[in-house]
Every structure is written in C-alpha cells, then in structure tokens.
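Mapping to my numbering: the sequence shown position 159 is 872, numbers consecutive. Glycine included, C-beta positions come from ideal geometry on N, C-alpha and C. Reviewing the structure listed below.
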Amino acid sequence: EDSQKRKVILVVAHPDDEAMFFSPTILYLTSKGHTVHILCLSTGNADGKGNVRKEELYHACSSLKVPRQHIKILDHPDLQDGFDNMWSSILIAKIIKEETASLGLDLLITFDSYGISGHRNHRDVHNGVCTFLCEDSQRGIEAWELLSTSIIRKYSGPMDLWLSALFASSSRGQMHCLLNEHPVKSFMAMAQHQSQWI
C-alpha cells in the first residue's frame, strides 16, 4: 500500500452526494491520513432549500472527518441544481483548475459518465472533470471515478460484494474495491441531510 499522503479533491454536484455515494471513499482516505477537500458545485437549491442544504453538508462532512475549511460550496448562476439544467464542462473545468492549483492537489475523485443515479448534473460534473483532465497541464493529477452499477447490483446487497471484488481483482490495479468498514458513520453522515429524507 502506498504510504504517500495524498491531497485529494472530491468533486460533487449537490450537498448529500458526498454522504450518499462517496462516504466509504472519504472514510477510507481520512483513516489513512490523506487530506480530503470537497468541492460541491451547487447548493442543491432546486427546491429552495439551498441554505439549509449547505449547512447539512458541513455537518455531514464533520461526521466524515473532513474539516469545514476543506469544503467549498458554490452558488454559481450557471451551476444551479436541476434535472433540466445543463452545466458547462468548460466552466466546471475552469473551476476545478483554480481549486487544484491553489490547493496543490494530486488526486481527484468524482462520478463516472452515468453519474451513479443518472442525474444530469452528476454527468455534467464527470464531463467537466474530463475536460479539465484533457488539458496538457494536468498530467500530475490522478483521477478516480465511482463506478455506476446496474439496478440489480445496487439492490443485491452482500452478493454485489463478490462481483465488485472480482472486477477489482481482474483490473490490474486500475480498479479499487473499498468495503465500507464504518457503515454507521456513513449513515450518520447521511442523517445530517434531513431535508432530503422523504
């Protein structure tokens, strides 16, 4: 296992993405002493609860051991939450470039091209990250994406663990399978997003 301490940025679309999709990754990285920053590209204001959702994100990140000063939440007019709102990959790439340069980051984590749930904003984040990574100056930054799975795998519970481990073991180091060693911590982080509990 690589003992080098990484400076990581997780790029998400909305408050609650970090807890719902990335909490095992965040918990793993922080437990190994890596520095984790979170860039949330919107306040999640589709239902007019943007200010509430920002505070929920700060509380969730506290549960995940990410300090408040390592969290940046944007409220850009061209990056507003919504299934019908298309986000510019060029704008996202520009924002990520500024963040990585100012913080000296070397690992970027985000959604894959489907965006886990298929949400347009998640897919746009992926496209923006790809645009950013295609620039010649970004060669020193490693990128990870969270792999979307089929609906059958999502709800197969422990059976999916075997499939994930199998895929990771045959990927020649290109894929990692992280077992959530702290499901209670993940639940506590998600519980902070009370505005999203229906």
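Item, Value
"Secondary structure of I854, DSSP reduced to three states", "coil"
"S861 versus L874: straight-line alpha-carbon distance, rounded", "14 Å"
"Reduced DSSP category for C657 - H, G, I as helix; E, B as strand; rest coil", "The first residue shown for the chain is 714 and the last is 911, placing residue 657 beyond what the model contains."
"Contiguous alpha helix (DSSP H) assignments of at least 4 residues, all confined to the stretch 727 to 764", "730 to 733, 736 to 744"
"Exposure label - C753; buried when at least 16 CB within 10 Å", "buried"
"L723 in three-state terms, based on DSSP", "strand"
"Boundaries of the beta strand (DSSP E) in which T823 is found, first to last residue", "820 to 824"
"Beta bridge counterpart(s) of L876 as assigned by DSSP", "DSSP lists no partner for L876."
"Per-residue DSSP class, three states only, for L859", "strand"
"Sequence-distant residues of the same chain with beta carbon closer than 6 Å to F805, five excluded per side", "At residue 805 the sequence reads Ile, which differs from the Phe that was named. Once the five neighbours on either side are set aside, the close Cβ partners of I805 are G841."
"Cβ separation of A732 and A759, assumed to be a contact under 8 Å, to the nearest whole Å", "Not really, about 18 Å apart at Cβ, beyond 8 Å."
"heavy atom of the ligand ADP below 8 Å from I864 C-beta", "Absence of the ligand ADP from the depicted structure is noted, as is the absence of any ligand whatsoever, leaving it without description."
"Between the CA atoms of G757 and G763 - distance to the nearest angstrom", "5 Å"
"Cβ separation of D794 and N834, assumed to be a contact under 8 Å, to the nearest whole Å", "6 Å"
"Neighbour-count burial assignment, K745, 16 or more Cβ in a 10 Å radius", "exposed"
"Touch test, the stretch 877 to 891 against the stretch 723 to 731, Cβ-Cβ under 8 Å, three pairs minimum", "no"
"Selection from L859, H839, W857, L876 that minimises the alpha carbon distance to R866", "L876"
"Closest by C-alpha distance to K767, when choosing among S755, L777, N893, S869", "S755"
"Closest Cα partner of C890 within the set P896, G761, A878", "A878"
"Per DSSP, cross-strand counterpart(s) of K898", "Looking at the DSSP assignment, K898 forms no beta bridge with any residue, so it has no partner."
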